[in-house]
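Just so you know, the working numbering puts 408 at position 268 of the sequence shown, and the rest follows in order with no gaps.
Each residue gets a CB set at the ideal place from its N, CA and C atoms; glycine is no exception.
Nothing here was measured: the structure is a model prediction, and the numbers come from that model.
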Amino acid sequence: MKKIAVFTSGGDAPGMNACIRAVVRTAIYNNVEVVGIMQGYKGMIEGGDNFVPLNSRSVGNIIQRGGTILKTSRSKEFMTIEGRKKANDNLVANDIKGIICIGGNGTFTGAEIFYNEYGIPSIGAPGTIDNDLYGTDLTIGFDTAINTAVDAIDKIRDTADSHGRIFFVEVMGRDAGFIALAATIAGGAEIVMLPEVKEDYPQIIDFFKFRTISKKSFSIVIVSEGNFEGGAIAIAELLKKEIPGFESRVVILGHIQRGGSPTTFDRVLASKLGYGAVEALLRGEKNKMVGLLNNKIELTTFKDSISNKKELNTDMLKLVDILNV
Ligand code: F6P
């Protein structure tokens, strides 16, 4: 294999640049040329200037930068047969023999379909703040995102304490509660509302109805955006209806969780996985995601990674309760 392509796709995640850097430099170390595809699958379909040759210097001074130098997109056209045909034509025209894709579930679903149609081998590296990928204990960007969330929660805590207020803080995660649970434990929040737990709404009503008993002067509740009853605004409204005189404030952390310089942990993880992805591709592996399982670089088929749900350890909810007595 003499020439490979690398691209980022789906939601950006801090550490994607560190991963691109590791991919490019590992490939060059192995005498393999690398092309960066701008804008993910969209750029693959559009071709032209979106195919950029990369060398060691192209990826200098990016390890500390958030976002992705290759840009990203969520391509609807790649979901069509015509779109994938155009993408394949561009890969063939650029003599690309292997692909490294950095992204999440949607990215690997696309890669799996594409391989079955055109047979160009690809290896994925898990890049998403949501940490919701089966086949890796942690995804690139998760650690930075939870640090950003906890930093914000610490600040909210100051004002909550000063005013004796109740705050509902909404965090990202799509339909997974990994960010919410970690932010709750590290941010010392009292309650968490997770997509994985259906019965948490009655509990929160009880909690606030009898809150005076615990003598806490302020409260922080973390709400995962994919929570069953809705986001933080919906929960605050519902409680207002249930409890007369209930007053609270809502903060939606939103996309700030996706930005910023990656933590040391994310830089190391991204470097290991970028390296591991290229090594796997050059060994002849294909259609697999590289992940970190029990601190070892392991491969999981795209099929398994996409079709299995990574379980959130809801036993940790007991810890949340214990830490808030
Ligand atoms: O998958 C990462 C993520 O940030 C989710 O947590 C969130 O639900 C989604 O992307 C937001 O996507 P967009 O930036 O396209 O609105």
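What is the DSSP secondary structure of residue i, reduced to helix, strand or coil?
{"i": "glutamate 425", "result": "coil"}
{"i": "serine 215", "result": "coil"}
{"i": "isoleucine 185", "result": "helix"}
{"i": "serine 359", "result": "strand"}
{"i": "glutamate 382", "result": "helix"}
{"i": "alanine 145", "result": "strand"}
{"i": "threonine 440", "result": "strand"}
{"i": "glutamate 365", "result": "coil"}
{"i": "isoleucine 202", "result": "coil"}
{"i": "glutamate 173", "result": "strand"}
{"i": "glycine 155", "result": "coil"}
{"i": "leucine 413", "result": "helix"}
{"i": "glycine 180", "result": "helix"}
{"i": "leucine 432", "result": "strand"}
{"i": "valine 465", "result": "coil"}
{"i": "leucine 457", "result": "helix"}
If the criterion is Cβ atoms closer than 8 Å, does the pair residue i and residue j meet it?
{"i": "arginine 398", "j": "glycine 366", "result": "no"}
{"i": "valine 290", "j": "alanine 323", "result": "yes"}
{"i": "leucine 433", "j": "threonine 276", "result": "yes"}
{"i": "leucine 452", "j": "leucine 278", "result": "no"}
{"i": "phenylalanine 254", "j": "arginine 224", "result": "yes"}
{"i": "glycine 246", "j": "glycine 264", "result": "no"}
{"i": "proline 384", "j": "glycine 281", "result": "no"}
{"i": "valine 311", "j": "isoleucine 296", "result": "no"}
{"i": "lysine 443", "j": "glutamate 252", "result": "yes"}
{"i": "glutamine 179", "j": "lysine 226", "result": "no"}
{"i": "valine 337", "j": "threonine 454", "result": "yes"}
{"i": "aspartate 294", "j": "phenylalanine 358", "result": "no"}
{"i": "tyrosine 415", "j": "glutamate 369", "result": "no"}
{"i": "glutamate 217", "j": "isoleucine 177", "result": "no"}
{"i": "leucine 273", "j": "serine 149", "result": "no"}
{"i": "alanine 316", "j": "valine 332", "result": "no"}
{"i": "leucine 466", "j": "alanine 292", "result": "With the chain running from 141 to 465 in the structure shown, residue 466 is simply not present."}
Suppose the cutoff is 6 Å on Cβ atoms and the five residues either side in sequence are ignored; what does the same chain contact list for residue i look like?
{"i": "glutamine 204", "result": "Ser401"}
{"i": "aspartate 229", "result": "none"}
{"i": "glycine 183", "result": "Ile177 and Asn190"}
{"i": "glutamate 382", "result": "Ile345"}
Please return the same chain residues whose Cβ sits closer than 7 Å to the Cβ of residue i, not counting the five positions on each side in sequence.
{"i": "isoleucine 144", "result": "Ala167, Val172, Val174, Ile236, Lys237, Gly238, Ile239, Ile240 and Leu421"}
{"i": "glycine 250", "result": "Tyr181 and Phe218"}
{"i": "glutamate 257", "result": "Arg224"}
{"i": "asparagine 464", "result": "Glu330"}
Whole angstroms are fine: how far does the CA of residue j sit from the CA of residue i?
{"i": "alanine 376", "j": "valine 391", "result": "11 Å"}
{"i": "glutamate 387", "j": "phenylalanine 307", "result": "9 Å"}
{"i": "arginine 305", "j": "leucine 459", "result": "24 Å"}
{"i": "arginine 269", "j": "valine 146", "result": "Here residue 269 turns out to be isoleucine, not arginine, going by the sequence shown. Distance between the alpha carbons of isoleucine 269 and valine 146: 20 Å."}
{"i": "valine 418", "j": "isoleucine 345", "result": "51 Å"}
{"i": "threonine 441", "j": "asparagine 271", "result": "17 Å"}
{"i": "threonine 284", "j": "aspartate 406", "result": "7 Å"}
{"i": "phenylalanine 348", "j": "valine 430", "result": "44 Å"}
{"i": "methionine 456", "j": "arginine 351", "result": "22 Å"}
{"i": "isoleucine 396", "j": "glycine 206", "result": "11 Å"}
{"i": "asparagine 435", "j": "histidine 303", "result": "44 Å"}
{"i": "threonine 404", "j": "asparagine 170", "result": "26 Å"}
{"i": "proline 193", "j": "isoleucine 286", "result": "34 Å"}
{"i": "phenylalanine 248", "j": "alanine 374", "result": "33 Å"}
{"i": "glycine 327", "j": "glycine 371", "result": "19 Å"}
{"i": "valine 232", "j": "asparagine 427", "result": "18 Å"}
{"i": "leucine 409", "j": "aspartate 152", "result": "16 Å"}
Below 8 Å CB to CB, which residues in the same chain sit around residue i once its five sequence neighbours on both sides are set aside?
{"i": "isoleucine 202", "result": "Asn157, Ala158, Ile160, Arg161 and Ile209"}
{"i": "serine 196", "result": "Val164, Arg165 and Ile168"}
{"i": "lysine 356", "result": "Glu330"}
{"i": "glutamate 425", "result": "Pro261, Ile263 and Leu439"}
{"i": "leucine 379", "result": "Ile344, Ile345, Phe348, Phe386 and Ser388"}
Indicate, with yes or no, if ligand 3 has a heavy atom lying under 7 Å from the CB of residue i.
{"i": "aspartate 270", "result": "Within the structure as shown, ligand 3 is missing, the only ligands being ligand 1."}
Continuous beta strand (DSSP E) assignments of at least 3 residues falling wholly in the segment 206-287: 238-243 and 262-266
Which full runs of the beta strand (DSSP E) of 3+ residues lie inside the segment 294-361, going along the chain? 306-311 and 331-333
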